[in-house]
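Protein chains in written order, with this note's numbering: chain U, 1 to 297; chain G, 1001 to 1417; chain D, 2001 to 2376.
Here's the structure we're looking at; comments come further down.
Laid out in structure tokens, this is it:
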């Protein structure tokens, strides 16, 4: 088997998961400068959405339908959770990003315990749709359908976001607020409403990511904590609020991880990637893609 | 001087009231569950004295997944004993503490149970790290700990009873089963912590003596979720079998992605020592079906005691719950302590230790006996295969209980470990 | 302390501080040992170790504006330095070549990294100096590039995470997930002996008070003024001719040294040092203590560490399964609604009492303009 190609594929599939979790963060962290530590718990909520649909709403034979329906529904679940969080807490913490971090961490503690009380501490099980069983082999690289599905999902999400941001008026307003909040506000954009929408979409994307990770990993109360730090690193390396940066960063981190792990082992690879990030930020402290702005701060 | 506005003060006041209410709510719910655990006999011990025992497991954090289930079965055993009249004519009162998946917390809570609650014995722990953290506490206080989980061996504390399997009751039978099935080469996969690393050291020594080739040894951090690279290393190495000491969540990711990569149990059986019924349910039986596991007990183990245990457990906690090896060990160890205390006529740790020597108990897994010296249990080794319905079917069992040998002194190849 | 503060309003300055400090020291040194049993006194010693970290965070974050989310790294460096020495001392006492956990991992001869820790002087120096040097290096690299705010927070968090992964991976060298445990003695004090544990407690109190005084002096010095200026307007400080990188590195490094010292004391007090104490979650908790107590007031930062740790122990004993709700709710409510933490609450209460008092004696003053809140 061609090691180079197969590791490249593995790297890309790692990147796709990272990017899926980080996409929501490019909205909430990147655009609103809100460090939402509960983002991981929104991912968890998305994963439990599939579980609830499969066990309580649909019968076992409809697992595929339940999985399909879970994608939009998890977007809603994540989004609504995000809205609640925005409305009750984050709105009050405007301009205090570090406090937001601590508060949302408290929220994530509570959400984990809520999940533990509702669904029990043990992991639960989600049935993958049967058509995702197996995979194809191309040029000596075996590609599981689940991996391809997640890569596809990321591409669809990216296209949708691009369309939203560049073609729809609401997306343009969002960009305006990001680029200059005061000016946008002065031009008649209702910034609080845009903030709420941004947060809704970002958290919704976390929910969708939750559905995707059920194909690969465990579904339990601590699911979110497994992904959150890596996702933040993707956003930081990519540059705040930069979709393009996040894509490149996710791919770079995923592929670097895959090759390093192949040569060494998983623990060392992870530590080495962290090290590389620290070094990288020496050269590009603002991340890969930087929007130049005037003024200080 | 910055001054907090009246509204903010009000908010703080409301917050304090909400917090107080939340605490009161938790309090009432926990006292309810306490009342439940002490069962119908709560009124009986109102006048008389009770014997306190500690239950110390992680109820929060990453290990809660596994440890909560052991707590449940230990409480079940305490209820059974209380219903039958208690120990030494007194009711047992469990004092439950949360280890919070954090080893120093285990040590702190163990100290608290011993010096403040004055418990007669403590049942607790899961990870080796939590046991190692508690060990000095129990030794310096001369108090008893009952530890319910299979572990890596190479330990024999005079104040710990080990009711899970040691290496020669689980891992070595697992290896020998694989060899018997024709496996000539192995690949070792484990989480990066003490149990897998020590177990793999022993496995490598065994392999050398048995002409089995070790094609690779890989560790992943706890909570790792990406197994693509590891699986491609497995596919490159093409071992006859994989020996898996992954822990917790990682098993779910590993087996899901292994199946996704098209590797079946027929191509490459994965022998697991930390995957029991509870974990199978989380992984999804269809993802792990056909792979072998090594334990001392399965829910399907065919003994009258087990039928009673499973029935009682389901009646208490719900028909959808499964029982597993560590849960059974938790249940057994409470009974063993009670028997020993009864026999000693006292709950004094030294007397209980003395009385426990050679004690036998008809456990759900069959008859177990406490070793005279090392305070481990004689246990029957059982290899099982995961079925698509999530149960584990026994395919091989040792002839009767195996004597515990934590330092592998009876094995020539293990010299120098 | 709030009642004391009432008795001695802030304007009496140095004298008031001396009175408060003496009272706090007397409480810790005399009252607590008289009232608490051995177990609770041991817990208090642990909280005081954590309070030392909190003083450091109060310095770096409260005064310097650097949200240090990875103090676990420095706490661990100090703790492991001391733990290694104690392990070696024991191995020597038992005539073993290597500490017990190494022989489990198949390490036969002492690794070179451990050799210097045989010397007590080296170990004591190392548990403060190694964290300081590491922090100075990392800090110089990071601050020179003007990485700050959220970037710095997440970066420092990633460093703690990486450190933990390395510690766990090198089992033969560090004890892996188990960490270093099963200590018997600390420079002649037997850790199982209650009388020796009390001596250890007094020792911890003395160091805590000493660290607190040093930190306070640092904040009140001219350097402290520049540090606060860096927090509030880094660019203006640069334009004035100061080098903000250097100013921030000093505070960061001092905070790291305090965390290292705390780690070194934690090992004999608790008897364990493991990666579980150093990762992302414990590191965030350290910051939470300070946020809860009041980030800009050193004494309240330390008090926050003690109060939160005490509440955690107490709540988890009473409600083993429900205490996470209480803990989470506490964090959210205090940080969201009382940004100055308990320090702010206490101050507001004093103000209120004062105005009520004044209202009774004479007509109210015109409302004062609200001071700008500190934006970290």
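Where is the CB? At the ideal position from N, CA and C, for every residue including glycine.
Note that the structure is predicted; figures quoted are calculated from it, not measured.
What residues match up with residue i in a beta bridge as DSSP calls it?
i	result
residue 1244 (chain G)	G:1189, G:1272
residue 2084 (chain D)	DSSP output for residue 2084 (chain D) lists no bridge partner at all.
residue 2189 (chain D)	D:2186
residue 302 (chain U)	Residue 302 (chain U) lies beyond the residue range present for chain U, which begins at 1 and ends at 297; the question has no answer from this structure.
residue 1052 (chain G)	G:1093
residue 44 (chain U)	Beta-bridge pairing links residue 44 (chain U) to no other residue.
residue 1367 (chain G)	G:1362
residue 1294 (chain G)	G:1383
residue 1224 (chain G)	None, per the DSSP bridge assignment.
residue 2313 (chain D)	Residue 2313 (chain D) is not bridged to any residue.
In three-state terms, what does DSSP make of residue i?
i	result
residue 1396 (chain G)	strand
residue 1034 (chain G)	Residue confidence is low: residue 1034 (chain G) scores 39 on pLDDT, short of 50, so the model does not pin down where it sits. No coordinate-derived value is stated.
residue 1158 (chain G)	coil
residue 1090 (chain G)	strand
residue 2038 (chain D)	helix
residue 166 (chain U)	helix
residue 2338 (chain D)	coil
residue 1024 (chain G)	Model confidence at residue 1024 (chain G) stands at a pLDDT of 43, short of 50, so the residue's coordinates are unreliable; what they give is reported in the following sentence. Helix.
residue 1380 (chain G)	coil
residue 39 (chain U)	helix
residue 216 (chain U)	coil
residue 54 (chain U)	helix
residue 1361 (chain G)	strand
residue 973 (chain G)	A question about residue 973 (chain G) goes unanswered here, because the residues of chain G that appear run from 1001 up to 1417.
residue 2196 (chain D)	helix
residue 1318 (chain G)	coil
residue 1177 (chain G)	helix
residue 89 (chain U)	coil
Using a C-beta to C-beta distance shorter than 8 Å, which residues of chain U count as neighbours of residue i?
i	result
residue 1261 (chain G)	135, 142, 144
residue 2146 (chain D)	285
Along chain U, in chain order, which residues have C-beta atoms closer than 7 Å to that of residue i?
i	result
residue 1252 (chain G)	123, 217, 218
residue 1076 (chain G)	Residues of chain U passing the Cβ test: none, with the nearest at roughly 17 Å.
residue 2071 (chain D)	Residues of chain U passing the Cβ test: none, with the nearest at roughly 14 Å.
residue 1065 (chain G)	121, 122, 123, 220
Name the chain D residues whose beta carbon is nearer than 8 Å to that of residue i?
i	result
residue 105 (chain U)	2284, 2288, 2331
residue 1100 (chain G)	2316
Specify, as a first and last residue, the run of the alpha helix (DSSP H) that residue i falls within.
i	result
residue 1147 (chain G)	First-last for residue 1147 (chain G): 1145–1147, but that is the beta strand (DSSP E), not the alpha helix (DSSP H).
residue 223 (chain U)	223–238
residue 1285 (chain G)	1285–1288
residue 2 (chain U)	First-last for residue 2 (chain U): undefined, no H or E at that position.
Going by CA-CA distance only, name the one from the options that's closest to residue i.
i	options	result
residue 2074 (chain D)	D:2159, D:2123, D:2226	D:2159
residue 1375 (chain G)	G:1129, G:1337, G:1160	G:1160
residue 1094 (chain G)	G:1106, G:1076, G:1100	G:1076
residue 342 (chain U)	U:26, U:204, U:39, U:262	No answer is possible for residue 342 (chain U): it lies beyond the span of chain U, which begins at 1 and ends at 297.
residue 1418 (chain G)	G:1315, G:1360, G:1184, G:1267	Any answer about residue 1418 (chain G) is impossible in this case: the structure gives chain G only from 1001 up to 1417.
residue 131 (chain U)	U:121, U:147, U:125	U:147
residue 2202 (chain D)	D:2058, D:2276, D:2322, D:2268	D:2268
Using a Cβ cut-off of 9 Å, pull out every chain D residue sitting near residue i, in sequence order please.
i	result
residue 1145 (chain G)	Near residue 1145 (chain G) there are no residues of chain D at all, since even the closest Cβ is about 14 Å away, more than 9 Å.
residue 278 (chain U)	2138, 2141, 2142, 2155, 2158, 2159, 2162
For the ligand GTP, any of its heavy atoms closer than 6 Å to the Cβ of residue i?
i	result
residue 282 (chain U)	Absent from the structure shown: the ligand GTP. Ligands present: none.
Quick one: list the residues of chain D neighbouring residue i, beta-carbon separation under 7 Å, in chain order.
i	result
residue 1297 (chain G)	Near residue 1297 (chain G) there are no residues of chain D at all, since even the closest Cβ is about 26 Å away, more than 7 Å.
Kindly list, in the order they appear in chain G, the residues whose Cβ is closer than 8 Å to that of residue i.
i	result
residue 2083 (chain D)	Those within 8 Å of residue 2083 (chain D) in chain G number zero; the least Cβ separation is about 12 Å.
residue 127 (chain U)	1284, 1286
residue 2272 (chain D)	1103, 1104, 1107, 1133
residue 2105 (chain D)	1197, 1198, 1201
With respect to the beta strand (DSSP E) encompassing residue i, which residues constitute its N-terminal and C-terminal limits?
i	result
residue 1126 (chain G)	Per DSSP, residue 1126 (chain G) belongs to no beta strand (DSSP E) and is neither H nor E.
Please list the partners that residue i has in chain C, where partner means a Cβ-to-Cβ separation under 7 Å.
i	result
residue 1274 (chain G)	The structure shown contains no chain C; its protein chains are U, G and D.
Determine the chain G residues that contact residue i at a beta-carbon separation under 7 Å, and present them in chain order.
i	result
residue 2039 (chain D)	1111, 1112, 1115, 1116
Along chain G, which residues have their Cβ under 9 Å away from the Cβ of residue i?
i	result
residue 2179 (chain D)	1103, 1104, 1129, 1132, 1133
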